[in-house]
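Engineer: Structure in structure tokens, see below.
Protein chains: 2
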Amino acid sequence: MESTAAEQEAFVAAVALTLQEFLAEKGTLLAGISPDALVLVDSIASLVTGGKRMRAILCYWGWRGAGGAPGAEEIIKAGAALELFQAAALIHDDIIDRSDTRRGGPSVHRQFGSLHAGRGWALDRERFGHAAAILTGDLCLSFSEEMFASIGSGSASRARAIFNLMRTEVMAGQYLDILEEVSGPTKPHSTAVARAAAIIRFKSAKYSSEHPLVLGGALAGASPELLAGYSAFALPLGEAFQLRDDVLGVFGDPAQTGKPAGDDLREGKRTVLVGLTIAAAGEADREFVDTHLGRQDLSDADIDSLCSIMVKSGALTGTEAMIADLSTAAFTALAQLPIDGAISEALSALGRSAVSRTS
Amino acid sequence: MESTAAEQEAFVAAVALTLQEFLAEKGTLLAGISPDALVLVDSIASLVTGGKRMRAILCYWGWRGAGGAPGAEEIIKAGAALELFQAAALIHDDIIDRSDTRRGGPSVHRQFGSLHAGRGWALDRERFGHAAAILTGDLCLSFSEEMFASIGSGSASRARAIFNLMRTEVMAGQYLDILEEVSGPTKPHSTAVARAAAIIRFKSAKYSSEHPLVLGGALAGASPELLAGYSAFALPLGEAFQLRDDVLGVFGDPAQTGKPAGDDLREGKRTVLVGLTIAAAGEADREFVDTHLGRQDLSDADIDSLCSIMVKSGALTGTEAMIADLSTAAFTALAQLPIDGAISEALSALGRSAVSRTS
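Chains as they are written, first to last, in numbering that gives the first Met the number 0: chain A, 0 to 358; chain B, 0 to 358.
Spelled out as structure tokens, the structure:
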């Protein structure tokens, strides 16, 4: 146990160092183009410094469970590529969701907006912030790819197929998510839960949990059976994780989650929690949800009303029950994985923290 | 001559077919996630159907000049990857520049805006359009990368280094471009031309001309000397091309360019043409340019005034002189390239059309 914790810590440190060196090199390149362009890399660097590195860690244990050597360069690079991809996704997500904060600091488009305001530049501050953040996200996406491509040969082509699939699926899932925000109210209430479940599968569970674990396994040359076992564990785990995230997004403590209360409701996220609410609430409550969700000007009283509808409709309890069922499925599959006990325990610890966290 | 034209046509057709097959496969994948997600691939497919395929063609002749075989799979994939990258860049550029049209049709964010309006969806139409287009561009960027990574081994790692550099440089150049729009008026008039020249170098000339040609050469295993010769031809050519573009963006015929008159002026593009104007115009004219450039509400009379200032300041003539000088440098370098005469002639034809075009 202690040695897996130390090993994981060493891996995380190695990923951080690789990212730091990579971005320092990119900083030199950009500074050569223009000192003004350096800010692009700085904002990426500060973003990848934070975060839980959950995807990189899952990837690592997927690698180790399939017989990959501790601390090998391939897996460090794969982990760094996943972290850069996640940073890129966050930068663009925050524009799409109009989130002002990220990992305790201002989101990237807000950083550029502040730069604009601070220097007294011309034209529209917000527009500049969005444009600069679109470009920063694109750059970060390219960096992720560059890092992944540097892994080299061996089993990299099987891992590459998963990396490709992961990217396509998460972007499609993100699209379905924003589509649901605008088209959800026009679609049948009876299928709201199913639609929300599809979104979290592609946008979150496969992307943040299943693919990283399977990618690590594939990189180490795992058998198809082991990879299927990884999926049977990580997919329900990822779904449970996202359901937990949705609950925290509405009922969590802002001091712990780092996101202002009501942010998810103002964004109009049509989560499984919302789907269950819509499916079970009475006519008046449903009407209230449909007309208030996604409004930027929600008052504290509106937020309280929405929360109360979610509780009394049984949607909160229902979501917690789904989390419990998915967790059971995940941990049952984990127990059957033909991997080293210490590695299984490391995955179990990750799983427990994913579904029972408070932030 | 006739055979190079036929060969180039066959290459362009092969790139188109490869793109079509690749996107059909992605369409199947996305439809499996949700039929609603198919629109993402459809909008990419319609975008890559058009265009002059200039980058792919330059890449092809770079490959052929370095001894690459006609119609080889590697170069077709490299060409397709460049086309996908360009499509991704256009999708995000059009959001940044707020362009309503692209290649004769609505830009991608406008397509999604229309979808929103047509279906009577909730919340903000424009916001949905931008969000969906950010995701479509990200998906297209990933597709580009996936296509490039499928080239395989051989000289692919040298080409990969160029592909990586190309992406970083173009994104940095795009950032410098939007930065100049907002910060240009606060910076010295005397350096406006130099700043604009740096932007076109990284945003356009290296990206659209030098890197594609060099990438093709590197993929075929060209010597460093040949690659340096390619650069000596393609960099000034690309600069001349962009200067021509800037002139057409202000003085071109909208019916031929496909862009509404004054679009570049409303966007506030700080081109070399604008830099020369600012450096040479009288105080009152300069003041007029600084206060009008980048205003969305420019009237036809404002546009006429801006054009007239550009003419009488000598900026238009100055830009044409720069185009002539750069062309001379490019064609002198081309004449010295140790490549087959027919290939040299093909590059020459491309060069001529790039600098003397009307659309």
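Glycine residues also receive a C-beta, built at the ideal position from the N, C-alpha and C atoms.
Every value quoted in this text rests on a predicted model; they were computed, and no experiment measured them.
What are the residues in the segment 106-129 of chain B lying within 9 Å of chain A by C-beta distance?
Structural biologist: H115, R118, G119, W120, A121, L122, D123, R124, R126, F127, H129
Engineer: Report all residues from its chain with a CB closer than 6 Å to the CB of G317 of chain A; omit the five preceding and five following residues, and keep chain order.
Structural biologist: As a first step, residue 317 of chain A is located in the first sequence; it is residue number 318 there, counting from the start. Result list for G317 of chain A: L275, in chain order.
Engineer: Which residues, taken in chain order from the segment 176-195 of chain B, show a beta carbon closer than 7 Å to some beta carbon of chain A?
Structural biologist: I177, L178, E180, V181, S182, P184, T185
Engineer: Could you check the C-alpha separation between G151 of chain B and D339 of chain A for me, to the nearest Å?
Structural biologist: Within the second sequence, the letter at position 152 stands for residue 151 of chain B. Within the first sequence, the letter at position 340 stands for residue 339 of chain A. Straight-line Cα distance between these residues: approximately 35 Å.
Engineer: If you reduce the DSSP assignment to three classes, tell me which class P184 of chain B lands in.
Structural biologist: In the second sequence, residue 184 of chain B corresponds to position 185, counting from 1. Helix at P184 of chain B.
Engineer: For A197 of chain B, go through chain A and note every residue whose CB falls closer than 9 Å to its CB, in chain order.
Structural biologist: What you label residue 197 of chain B is simply residue 198 of the second sequence in a count that begins at 1. Residues of chain A passing the Cβ test: I32, S33.
Engineer: Hey, out of B:A260, B:A239, B:L214, whose CA is closest to E73 of chain B's CA?
Structural biologist: Within the second sequence, residue 73 of chain B is the residue found at index 74, counting from 1. The shortest C-alpha to C-alpha distance from E73 of chain B to any of B:A260, B:A239, B:L214 is the one to B:L214.
Engineer: Run through DSSP, which three-state label would G172 of chain A get?
Structural biologist: One-based indexing of the first sequence puts residue 172 of chain A at position 173. Note: G172 of chain A maps to helix in three-state DSSP.
Engineer: Report yes if the C-beta of P34 of chain A is less than 6 Å from at least one heavy atom of the ligand ADP; otherwise report no.
Structural biologist: Questions concerning the ligand ADP fall outside what the structure shown contains, since it holds no ligand whatsoever.
Engineer: Along the chain, where does the alpha helix (DSSP H) that runs through P253 of chain B open and close?
Structural biologist: Translated into the one-based positions of the second sequence, residue 253 of chain B becomes position 254. P253 of chain B -> alpha helix (DSSP H) spans 253-256.
Engineer: Using a cut-off of 7 Å between C-beta atoms, extract the partners of A361 of chain A located in chain B.
Structural biologist: Outside the modelled stretch of chain A, which goes from 0 to 358, sits residue 361 of chain A, for which no answer is possible.
Engineer: Counting C-beta neighbours from all protein chains within 10 Å, is the total for G119 of chain B 16 or more, i.e. buried, or is it exposed?
Structural biologist: Position 120 of the second sequence holds residue 119 of chain B. It is exposed - the Cβ of G119 of chain B has fewer than 16 other Cβ atoms within 10 Å.
Engineer: Taking S358 of chain B as the reference, which of B:G50, B:T3, B:A12 has the closest Cα?
Structural biologist: Here residue 358 of chain B refers to the residue found at position 359 of the second sequence. The residue with the shortest Cα to Cα distance from S358 of chain B is B:G50.
Engineer: Between the beta-carbon of I322 of chain B and the beta-carbon of R243 of chain B, is there less than 7 Å?
Structural biologist: Within the second sequence, residue 322 of chain B is the residue found at index 323, counting from 1. Within the second sequence, residue 243 of chain B is the residue found at index 244, counting from 1. In terms of Cβ geometry, I322 of chain B and R243 of chain B form a close pair [threshold 7 Å].
Engineer: Assign T167 of chain B to one of three DSSP states: helix, strand, or coil.
Structural biologist: Here residue 167 of chain B refers to the residue found at position 168 when the second sequence is read from its first residue. Looking at T167 of chain B - three-state DSSP - the assignment turns out to be helix.
Engineer: Is the beta carbon of H129 of chain B sitting closer than 7 Å to the one on I95 of chain B?
Structural biologist: In the second sequence, the residue the question calls residue 129 of chain B occupies position 130. In the second sequence, the residue the question calls residue 95 of chain B occupies position 96. Their beta carbons are not under 7 Å apart, which means H129 of chain B does not touch I95 of chain B by this criterion.
Engineer: Would you identify the three-state DSSP class for R97 of chain B, choosing helix, strand or coil?
Structural biologist: Counted from its first residue, the second sequence places residue 97 of chain B at position 98. If DSSP states are grouped into helix, strand and coil, R97 of chain B belongs with coil.
Engineer: Check whether the Cβ of L346 of chain B lies closer than 7 Å to any Cβ atom in chain A.
Structural biologist: Numbered from 1 along the second sequence, position 347 holds the residue referred to as residue 346 of chain B. Not an interface residue.
Engineer: Please identify, using Cβ separations under 7 Å, the residues of the segment 149-166 of chain B that lie next to chain A, in order along the chain.
Structural biologist: Listed in sequence order: R159, N163, R166.
Engineer: Checking contacts by CB at 7 Å: is D137 of chain B closer than that to chain A?
Structural biologist: Taking the second sequence and counting its residues from 1, one reaches residue 137 of chain B at position 138. Chain A has a Cβ within less than 7 Å of the Cβ of D137 of chain B.
Engineer: Is the beta carbon of V107 of chain A sitting closer than 7 Å to the one on S42 of chain A?
Structural biologist: On the first sequence, position 108 is the one that residue 107 of chain A refers to. On the first sequence, position 43 is the one that residue 42 of chain A refers to. Going by C-beta atoms, V107 of chain A is nearer than 7 Å to S42 of chain A.
Engineer: Quick check on the DSSP output: what are the complete alpha helix (DSSP H) runs of length 4 or more inside the segment 186-225 of chain A, in order along the chain?
Structural biologist: 191-198, 210-218
Engineer: Can you grab the Cα-Cα spacing for the pair E145 of chain A / M165 of chain B, in whole Å?
Structural biologist: Numbered from 1 along the first sequence, position 146 holds the residue referred to as residue 145 of chain A. Numbered from 1 along the second sequence, position 166 holds the residue referred to as residue 165 of chain B. If I take the Cα positions, the gap works out to 12 Å.
Engineer: Would you list, in chain order, the members of the segment 78-95 of chain B that have their beta-carbon closer than 7 Å to a beta-carbon of chain A?
Structural biologist: The segment 78-95 of chain B vs chain A, Cβ under 7 Å: H91, I94, I95.
Engineer: My parser needs the alpha helix (DSSP H) runs of 4 or more residues fully inside the segment 331-355 of chain A; what are they?
Structural biologist: As summarised for the segment 331-355 of chain A, the continuous alpha helix (DSSP H) elements at least 4 residues long and confined to that stretch are 340-354, given in chain order.
Engineer: Mind pulling the chain A residues with CB within less than 7 Å of A131 of chain B?
Structural biologist: Your numbering for residue 131 of chain B matches position 132 in the second sequence. Y174, I177, listed in chain order.
Engineer: Count the other C-beta atoms from every protein chain shown that fall within 10 angstroms of the C-beta of Q110 of chain B, then say buried if there are 16 or more, exposed otherwise.
Structural biologist: Locating residue 110 of chain B in the second sequence gives position 111, where the first residue counts as 1. Q110 of chain B should be labelled buried.
Engineer: Run through DSSP, which three-state label would G317 of chain B get?
Structural biologist: Mapped onto the second sequence, residue 317 of chain B falls at position 318. Here G317 of chain B sits in helix by DSSP.
Engineer: If I measure Cβ to Cβ from V271 of chain B and keep anything under 8 Å in the same chain, skipping five residues before and after, which residues do I get?
Structural biologist: Along the second sequence, read from residue 1 onward, the residue named residue 271 of chain B stands at position 272. Contacts found: V192, A195, A196, I199, L242, D245, T318, M321.
Engineer: Using three-state DSSP, classify G103 of chain B as helix, strand or coil.
Structural biologist: Within the second sequence, the letter at position 104 stands for residue 103 of chain B. In the structure shown, G103 of chain B sits in coil (DSSP, three-state: anything other than H, G, I, E or B).
Engineer: If you draw a straight line from the alpha carbon of S207 of chain B to that of G237 of chain B, how long is it in whole angstroms?
Structural biologist: Translated into the one-based positions of the second sequence, residue 207 of chain B becomes position 208. Translated into the one-based positions of the second sequence, residue 237 of chain B becomes position 238. Roughly 7 Å between the two C-alpha positions.
Engineer: Throw me the rounded Cβ distance for the Y362 of chain A and A131 of chain B pair, which I believe falls under 8 Å.
Structural biologist: Missing from the structure shown is residue 362 of chain A; chain A here goes from 0 to 358 and no further.
Engineer: Please confirm whether S143 of chain B has its beta-carbon closer than 7 Å to some beta-carbon of chain A.
Structural biologist: Along the second sequence, read from residue 1 onward, the residue named residue 143 of chain B stands at position 144. Interface with chain A (7 Å Cβ-Cβ cutoff): S143 of chain B is excluded.
Engineer: Using CA atoms only, rank isn't needed, just tell me which of A:D299, A:R265, A:A314 is closest to A279 of chain A.
Structural biologist: For the purposes of this step, residue 279 of chain A is identified with residue 280 of the first sequence, where counting begins at 1. Its Cα nearest to that of A279 of chain A, the residue A:A314 stands out among A:D299, A:R265, A:A314.
Engineer: How is the alpha helix (DSSP H) around G61 of chain A delimited, first residue to last?
Structural biologist: On the first sequence, residue 61 of chain A is found 62 positions in, with the first residue counted as 1. Where G61 of chain A is concerned, the enclosing alpha helix (DSSP H) stretches over 53-64.
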